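Trainee: Oh and the sequence shown: position 209 is 209 in UniProt numbering, straight run, nothing missing.
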Amino acid sequence: ELNRKEMEEDHNKFLKTSVAVIIVFTTILVAKLITYSKTKKKSVRVPPVLQAWPPLIGTLLRFMKGPVLMLKEEYPKLGSVFTVKLLHKNITFLIGPEVSTHFFNAYESDLSQKEVYRFNVPTFGPGVFRFFADALKVNKLKGYVDQMTNKAEGYFSKWGESGEVDLSFELERLITLTASRCILGREVRDQLSDDVSTLFHDLDKGMLPISVLFPYLPIPAHRCRDRARAKLAQIFSKIIASRKRSGKSENDMLQCLIDSKYKDGRETSESEVTGLLIAALFAGQHTSSVTSTWTGAYLMREKHYLKEAKAEQKKLIEKHGGQDQLRYLI
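Have a look at this one:
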(Lines of atoms letter the chains of each structure in order from A and count residues from 1; the text may use other names and numbers.)
(Lines give C-alpha, C1' and ligand atoms only; values in the text may rest on other atoms or scores of the structure.)
Protein backbone atom coordinates (compact mmCIF):
# COMPACT_ATOMS: atom_id res chain seq x y z
CA GLU A 1 0.00 0.00 0.00
CA LEU A 2 2.95 2.32 0.76
CA ASN A 3 4.45 1.64 -2.62
CA ARG A 4 1.13 2.42 -4.21
CA LYS A 5 0.96 5.82 -2.49
CA GLU A 6 4.53 6.58 -3.52
CA MET A 7 3.68 5.65 -7.10
CA GLU A 8 0.66 7.97 -7.07
CA GLU A 9 2.75 10.81 -5.64
CA ASP A 10 5.41 10.25 -8.29
CA HIS A 11 2.73 10.20 -10.96
CA ASN A 12 1.23 13.47 -9.69
CA LYS A 13 4.67 15.09 -9.60
CA PHE A 14 5.24 13.94 -13.16
CA LEU A 15 1.93 15.41 -14.30
CA LYS A 16 2.63 18.72 -12.56
CA THR A 17 6.09 18.86 -14.05
CA SER A 18 4.73 18.03 -17.50
CA VAL A 19 2.06 20.71 -17.25
CA ALA A 20 4.66 23.24 -16.09
CA VAL A 21 6.94 22.35 -19.00
CA ILE A 22 4.06 22.65 -21.47
CA ILE A 23 3.06 26.05 -20.05
CA VAL A 24 6.63 27.32 -20.23
CA PHE A 25 7.06 25.99 -23.75
CA THR A 26 3.76 27.50 -24.89
CA THR A 27 4.66 30.85 -23.33
CA ILE A 28 8.02 30.88 -25.09
CA LEU A 29 6.39 29.90 -28.39
CA VAL A 30 3.75 32.64 -28.13
CA ALA A 31 6.42 35.19 -27.22
CA LYS A 32 8.48 34.13 -30.21
CA LEU A 33 5.48 34.42 -32.53
CA ILE A 34 4.63 37.89 -31.21
CA THR A 35 8.23 39.02 -31.61
CA TYR A 36 8.37 37.58 -35.12
CA SER A 37 5.10 39.26 -36.05
CA LYS A 38 6.31 42.65 -34.81
CA THR A 39 9.65 42.21 -36.55
CA LYS A 40 7.92 41.27 -39.78
CA LYS A 41 5.64 44.29 -39.60
CA LYS A 42 8.60 46.54 -38.93
CA SER A 43 10.46 45.05 -41.90
CA VAL A 44 7.64 45.97 -44.30
CA ARG A 45 8.43 49.28 -45.93
CA VAL A 46 5.53 51.69 -45.84
CA PRO A 47 5.36 54.98 -47.74
CA PRO A 48 6.27 58.13 -45.83
CA VAL A 49 3.31 60.12 -44.55
CA LEU A 50 2.89 63.81 -45.30
CA GLN A 51 3.00 65.85 -42.11
CA ALA A 52 1.30 69.23 -41.96
CA TRP A 53 0.35 71.86 -39.40
CA PRO A 54 -2.10 72.11 -37.75
CA PRO A 55 -2.55 68.39 -37.04
CA LEU A 56 -5.58 66.55 -38.48
CA ILE A 57 -6.69 69.38 -40.77
CA GLY A 58 -3.36 70.66 -42.11
CA THR A 59 -3.17 68.18 -44.99
CA LEU A 60 -6.88 68.63 -45.70
CA LEU A 61 -6.43 72.39 -46.12
CA ARG A 62 -3.50 71.88 -48.49
CA PHE A 63 -5.38 69.24 -50.48
CA MET A 64 -8.42 71.50 -50.89
CA LYS A 65 -6.19 74.39 -51.93
CA GLY A 66 -4.88 72.28 -54.82
CA PRO A 67 -3.73 68.64 -55.02
CA VAL A 68 -1.37 69.31 -57.93
CA LEU A 69 0.42 72.11 -56.08
CA MET A 70 0.73 69.90 -53.01
CA LEU A 71 2.23 67.07 -55.08
CA LYS A 72 4.75 69.40 -56.71
CA GLU A 73 5.88 70.67 -53.32
CA GLU A 74 6.11 67.28 -51.60
CA TYR A 75 7.56 65.14 -54.39
CA PRO A 76 11.14 66.46 -53.94
CA LYS A 77 10.87 65.87 -50.17
CA LEU A 78 9.04 62.54 -49.91
CA GLY A 79 9.86 60.86 -53.20
CA SER A 80 7.69 59.11 -55.75
CA VAL A 81 5.48 57.24 -53.24
CA PHE A 82 3.90 58.85 -50.19
CA THR A 83 0.64 58.86 -48.25
CA VAL A 84 -1.62 61.77 -47.38
CA LYS A 85 -4.02 61.39 -44.45
CA LEU A 86 -7.30 63.20 -45.13
CA LEU A 87 -9.59 62.79 -42.13
CA HIS A 88 -11.14 59.32 -42.60
CA LYS A 89 -9.22 58.51 -45.80
CA ASN A 90 -5.61 57.64 -46.55
CA ILE A 91 -4.54 58.44 -50.11
CA THR A 92 -1.24 57.07 -51.41
CA PHE A 93 0.25 58.76 -54.47
CA LEU A 94 2.46 56.94 -57.00
CA ILE A 95 4.31 59.47 -59.13
CA GLY A 96 6.29 58.54 -62.22
CA PRO A 97 6.40 55.55 -64.61
CA GLU A 98 8.68 53.46 -62.39
CA VAL A 99 6.16 53.23 -59.54
CA SER A 100 2.86 53.83 -61.34
CA THR A 101 3.34 50.46 -63.07
CA HIS A 102 2.43 48.79 -59.78
CA PHE A 103 -0.90 50.60 -59.84
CA PHE A 104 -1.84 49.42 -63.32
CA ASN A 105 -0.67 45.82 -62.77
CA ALA A 106 -2.17 45.31 -59.31
CA TYR A 107 -4.98 42.84 -58.68
CA GLU A 108 -8.46 44.19 -58.04
CA SER A 109 -8.29 42.69 -54.54
CA ASP A 110 -5.27 44.90 -53.76
CA LEU A 111 -6.19 48.11 -55.55
CA SER A 112 -9.90 48.48 -56.23
CA GLN A 113 -11.15 51.13 -58.64
CA LYS A 114 -14.53 50.82 -56.97
CA GLU A 115 -13.10 52.32 -53.78
CA VAL A 116 -11.45 55.18 -55.62
CA TYR A 117 -14.46 56.21 -57.67
CA ARG A 118 -17.04 56.27 -54.88
CA PHE A 119 -17.00 60.08 -55.02
CA ASN A 120 -18.25 59.90 -58.63
CA VAL A 121 -21.47 58.11 -57.71
CA PRO A 122 -23.44 61.42 -57.47
CA THR A 123 -22.28 62.27 -61.00
CA PHE A 124 -22.66 58.95 -62.81
CA GLY A 125 -25.15 57.12 -60.60
CA PRO A 126 -24.77 53.88 -58.60
CA GLY A 127 -23.69 50.54 -60.11
CA VAL A 128 -23.14 51.75 -63.67
CA PHE A 129 -19.79 50.29 -64.77
CA ARG A 130 -20.49 46.58 -65.01
CA PHE A 131 -21.85 46.66 -68.57
CA PHE A 132 -18.96 48.51 -70.21
CA ALA A 133 -17.06 45.29 -70.97
CA ASP A 134 -19.45 44.20 -73.73
CA ALA A 135 -19.86 47.71 -75.11
CA LEU A 136 -16.09 48.14 -75.54
CA LYS A 137 -15.23 44.83 -77.19
CA VAL A 138 -12.90 44.98 -80.20
CA ASN A 139 -15.63 44.13 -82.71
CA LYS A 140 -17.66 47.07 -81.40
CA LEU A 141 -14.73 49.48 -81.52
CA LYS A 142 -13.94 48.53 -85.12
CA GLY A 143 -17.32 49.85 -86.14
CA TYR A 144 -16.46 53.30 -84.79
CA VAL A 145 -13.41 53.96 -86.99
CA ASP A 146 -15.29 55.30 -90.01
CA GLN A 147 -17.42 57.50 -87.75
CA MET A 148 -14.28 58.90 -86.10
CA THR A 149 -12.52 59.70 -89.37
CA ASN A 150 -15.65 61.21 -90.93
CA LYS A 151 -16.25 63.42 -87.93
CA ALA A 152 -12.60 64.58 -87.80
CA GLU A 153 -12.42 65.27 -91.54
CA GLY A 154 -15.70 67.17 -91.47
CA TYR A 155 -14.59 69.23 -88.48
CA PHE A 156 -11.17 70.18 -89.85
CA SER A 157 -12.57 70.90 -93.32
CA LYS A 158 -14.05 74.08 -91.83
CA TRP A 159 -10.57 75.34 -90.94
CA GLY A 160 -8.58 77.45 -93.35
CA GLU A 161 -5.05 76.72 -94.54
CA SER A 162 -3.59 78.95 -91.83
CA GLY A 163 -4.70 80.90 -88.81
CA GLU A 164 -4.86 80.84 -85.04
CA VAL A 165 -7.05 78.57 -82.89
CA ASP A 166 -7.67 77.82 -79.24
CA LEU A 167 -6.25 74.30 -79.29
CA SER A 168 -7.84 73.25 -76.00
CA PHE A 169 -11.33 74.44 -77.00
CA GLU A 170 -11.21 73.02 -80.53
CA LEU A 171 -9.91 69.57 -79.56
CA GLU A 172 -12.31 69.31 -76.64
CA ARG A 173 -15.20 70.16 -78.94
CA LEU A 174 -14.08 67.70 -81.63
CA ILE A 175 -13.56 64.85 -79.18
CA THR A 176 -16.89 65.53 -77.50
CA LEU A 177 -18.70 65.36 -80.84
CA THR A 178 -16.79 62.25 -81.88
CA ALA A 179 -17.39 60.46 -78.59
CA SER A 180 -21.06 61.39 -78.60
CA ARG A 181 -21.51 59.98 -82.10
CA CYS A 182 -19.48 56.80 -81.72
CA ILE A 183 -20.22 55.92 -78.13
CA LEU A 184 -23.55 57.49 -77.27
CA GLY A 185 -25.44 57.25 -80.54
CA ARG A 186 -26.89 59.32 -83.35
CA GLU A 187 -29.71 60.74 -81.23
CA VAL A 188 -27.35 62.02 -78.53
CA ARG A 189 -25.22 63.74 -81.12
CA ASP A 190 -28.22 65.60 -82.49
CA GLN A 191 -29.15 66.74 -78.98
CA LEU A 192 -25.60 67.83 -78.12
CA SER A 193 -26.35 71.54 -78.25
CA ASP A 194 -24.55 74.28 -76.37
CA ASP A 195 -26.95 73.75 -73.47
CA VAL A 196 -25.91 70.10 -73.14
CA SER A 197 -22.24 71.04 -73.37
CA THR A 198 -22.84 73.50 -70.54
CA LEU A 199 -24.45 70.75 -68.47
CA PHE A 200 -21.38 68.54 -68.88
CA HIS A 201 -19.24 71.51 -67.94
CA ASP A 202 -21.27 71.87 -64.72
CA LEU A 203 -20.77 68.18 -63.98
CA ASP A 204 -17.04 68.55 -64.43
CA LYS A 205 -16.90 71.60 -62.16
CA GLY A 206 -18.72 69.58 -59.51
CA MET A 207 -15.68 67.34 -59.09
CA LEU A 208 -13.63 69.25 -56.53
CA PRO A 209 -10.92 68.07 -54.12
CA ILE A 210 -13.48 68.21 -51.30
CA SER A 211 -15.70 65.89 -53.38
CA VAL A 212 -13.24 63.06 -52.81
CA LEU A 213 -14.01 63.17 -49.10
CA PHE A 214 -17.58 64.45 -49.03
CA PRO A 215 -19.28 63.89 -52.42
CA TYR A 216 -22.72 64.85 -51.06
CA LEU A 217 -21.64 68.00 -49.22
CA PRO A 218 -24.33 70.68 -49.85
CA ILE A 219 -22.11 73.27 -51.51
CA PRO A 220 -22.95 75.37 -54.62
CA ALA A 221 -20.73 73.30 -56.95
CA HIS A 222 -22.39 70.06 -55.86
CA ARG A 223 -25.88 71.52 -56.15
CA CYS A 224 -25.06 72.75 -59.64
CA ARG A 225 -23.68 69.28 -60.47
CA ASP A 226 -26.87 67.61 -59.26
CA ARG A 227 -29.09 69.97 -61.27
CA ALA A 228 -27.00 69.34 -64.39
CA ARG A 229 -27.22 65.59 -63.97
CA ALA A 230 -30.99 65.75 -63.49
CA LYS A 231 -31.39 67.75 -66.73
CA LEU A 232 -29.10 65.36 -68.64
CA ALA A 233 -31.11 62.45 -67.26
CA GLN A 234 -34.26 63.99 -68.74
CA ILE A 235 -32.63 64.37 -72.17
CA PHE A 236 -31.15 60.88 -72.19
CA SER A 237 -34.34 59.27 -70.88
CA LYS A 238 -36.27 60.68 -73.84
CA ILE A 239 -33.63 59.37 -76.24
CA ILE A 240 -33.65 55.92 -74.64
CA ALA A 241 -37.44 55.73 -74.70
CA SER A 242 -37.50 56.87 -78.34
CA ARG A 243 -34.94 54.23 -79.34
CA LYS A 244 -36.93 51.49 -77.60
CA ARG A 245 -40.21 52.57 -79.21
CA SER A 246 -38.74 52.71 -82.70
CA GLY A 247 -37.38 49.18 -82.53
CA LYS A 248 -34.33 50.25 -84.56
CA SER A 249 -30.96 48.72 -83.74
CA GLU A 250 -27.89 50.96 -84.08
CA ASN A 251 -24.19 50.07 -83.92
CA ASP A 252 -23.34 52.18 -80.87
CA MET A 253 -22.85 51.92 -77.14
CA LEU A 254 -26.35 53.18 -76.43
CA GLN A 255 -27.82 50.13 -78.17
CA CYS A 256 -25.44 47.80 -76.36
CA LEU A 257 -26.42 49.25 -72.99
CA ILE A 258 -30.13 49.10 -73.78
CA ASP A 259 -29.78 45.43 -74.79
CA SER A 260 -27.72 44.50 -71.71
CA LYS A 261 -29.29 42.27 -69.10
CA TYR A 262 -28.40 41.11 -65.61
CA LYS A 263 -27.71 37.46 -64.88
CA ASP A 264 -31.25 37.06 -63.60
CA GLY A 265 -32.64 38.33 -66.92
CA ARG A 266 -33.58 41.82 -65.75
CA GLU A 267 -33.05 44.57 -68.32
CA THR A 268 -31.11 47.74 -67.58
CA SER A 269 -33.23 50.63 -66.40
CA GLU A 270 -33.29 54.10 -67.96
CA SER A 271 -31.55 55.44 -64.85
CA GLU A 272 -28.71 52.93 -65.21
CA VAL A 273 -28.28 53.58 -68.93
CA THR A 274 -28.29 57.32 -68.27
CA GLY A 275 -25.49 56.93 -65.73
CA LEU A 276 -23.53 54.84 -68.21
CA LEU A 277 -24.00 57.40 -70.97
CA ILE A 278 -22.73 60.22 -68.76
CA ALA A 279 -19.77 58.13 -67.62
CA ALA A 280 -18.97 57.11 -71.20
CA LEU A 281 -18.88 60.69 -72.45
CA PHE A 282 -16.61 61.68 -69.59
CA ALA A 283 -14.28 58.77 -70.35
CA GLY A 284 -14.33 59.49 -74.07
CA GLN A 285 -13.80 63.23 -73.78
CA HIS A 286 -12.28 64.31 -70.49
CA THR A 287 -8.81 62.75 -70.44
CA SER A 288 -8.61 62.47 -74.23
CA SER A 289 -9.02 66.20 -74.77
CA VAL A 290 -6.41 67.02 -72.13
CA THR A 291 -3.93 64.52 -73.60
CA SER A 292 -4.56 65.75 -77.14
CA THR A 293 -4.13 69.39 -76.13
CA TRP A 294 -0.80 68.77 -74.42
CA THR A 295 0.40 66.61 -77.33
CA GLY A 296 -0.51 69.33 -79.81
CA ALA A 297 1.04 72.06 -77.68
CA TYR A 298 4.34 70.20 -77.34
CA LEU A 299 4.46 69.39 -81.06
CA MET A 300 3.88 73.04 -81.89
CA ARG A 301 6.68 74.06 -79.55
CA GLU A 302 9.14 71.35 -80.59
CA LYS A 303 9.11 71.76 -84.36
CA HIS A 304 11.60 68.95 -85.04
CA TYR A 305 9.29 66.44 -83.34
CA LEU A 306 6.34 67.77 -85.33
CA LYS A 307 8.25 67.23 -88.56
CA GLU A 308 9.14 63.67 -87.57
CA ALA A 309 5.58 62.89 -86.45
CA LYS A 310 4.11 64.11 -89.75
CA ALA A 311 6.66 62.09 -91.72
CA GLU A 312 5.84 59.00 -89.67
CA GLN A 313 2.10 59.37 -90.28
CA LYS A 314 2.64 59.88 -94.01
CA LYS A 315 4.79 56.77 -94.17
CA LEU A 316 2.23 54.65 -92.33
CA ILE A 317 -0.66 55.88 -94.48
CA GLU A 318 1.25 55.03 -97.67
CA LYS A 319 2.24 51.63 -96.26
CA HIS A 320 -1.36 50.66 -95.57
CA GLY A 321 -2.94 51.72 -98.83
CA GLY A 322 -3.76 55.36 -98.35
CA GLN A 323 -5.89 57.45 -96.05
CA ASP A 324 -9.06 55.56 -97.00
CA GLN A 325 -7.68 52.37 -95.44
CA LEU A 326 -7.30 53.59 -91.86
CA ARG A 327 -8.57 50.32 -90.39
CA TYR A 328 -4.93 49.37 -89.81
CA LEU A 329 -5.16 51.60 -86.72
CA ILE A 330 -7.14 48.88 -84.96
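Note that CB positions come from ideal geometry on N, CA and C, so glycine has one too.
Just so you know, these numbers come straight off a predicted model, no measurement behind them.
Which runs of the beta strand (DSSP E) spanning at least 3 residues fall entirely within the stretch 238-303, listed in chain order?
Mentor: As far as the stretch 238-303 is concerned, it has no whole beta strand (DSSP E) run of at least 3 residues.
Trainee: On a CA-only basis, which of Leu60, Ser249, Pro76, Glu318 is nearest Pro48? Give me that one, please.
Mentor: That would be Pro76, whose Cα lies nearest to the Cα of Pro48.
Trainee: Considering only residues of the same chain and omitting the five flanking positions on each side of Cys100, which have a CB-CB separation below 8 angstroms?
Mentor: In the sequence on display, residue 100 carries Ser and not Cys. If we look at Ser100 and ignore the five residues flanking it on each side, its Cβ neighbours are Leu94.
Trainee: Which partner residues of Leu208 appear in the DSSP bridge assignment?
Mentor: DSSP lists no partner for Leu208.
Trainee: Kindly identify the DSSP beta-bridge partner or partners of Thr176.
Mentor: Looking at the DSSP assignment, Thr176 forms no beta bridge with any residue, so it has no partner.
Trainee: Count Cβ pairs between the stretch 287-298 and the stretch 171-187 that sit closer than 8 angstroms; are there 3 or more?
Mentor: Yes: the two stretches touch, three or more of their Cβ pairs being nearer than 8 angstroms.
Trainee: Do you know how far the Cα of Leu232 is from the Cα of His222?
Mentor: Distance between the alpha carbons of His222 and Leu232: 15 angstroms.
Trainee: Identify every run of the alpha helix (DSSP H) within the stretch 41-88, keeping only runs that are complete inside it and at least 4 residues long; order them along the chain.
Mentor: Qualifying alpha helix (DSSP H) stretches, in chain order: 58-65, 67-78.
Trainee: Label Lys315 either buried or exposed according to how many other C-beta atoms from any shown protein chain fall within 10 Å of its C-beta, with 16 as the threshold for buried.
Mentor: Exposed: under 16 other Cβ atoms inside 10 Å.
Trainee: Taking the straight line between their C-alpha atoms, what separation do you get for Ala228 and Leu199?
Mentor: Cα to Cα, Ala228 sits roughly 5 angstroms from Leu199.
Trainee: What does the Cβ neighbour count give for Ile57, buried or exposed, with the cut at 16 atoms within 10 Å?
Mentor: Ile57 comes out exposed.
Trainee: Quick one: what's Phe93 bridged to in DSSP?
Mentor: Answer is Phe82, bridged to Phe93.
Trainee: Are the beta-carbon atoms of Leu184 and Leu277 separated by less than 8 angstroms?
Mentor: A contact, by the Cβ cut-off of 8 angstroms.
Trainee: Is it true that the CB of Cys224 sits closer than 8 angstroms to the CB of Asp195?
Mentor: It is not a contact, given that the beta carbons lie outside the stated cut-off.
Trainee: Helix, strand or coil: which one does DSSP assign to Pro215?
Mentor: In the structure shown, Pro215 sits in coil (DSSP, three-state: anything other than H, G, I, E or B).
Trainee: Work out the CA separation of Phe236 and Thr274 for me, nearest whole Å.
Mentor: Using only the alpha carbons, I get a separation of about 6 angstroms.
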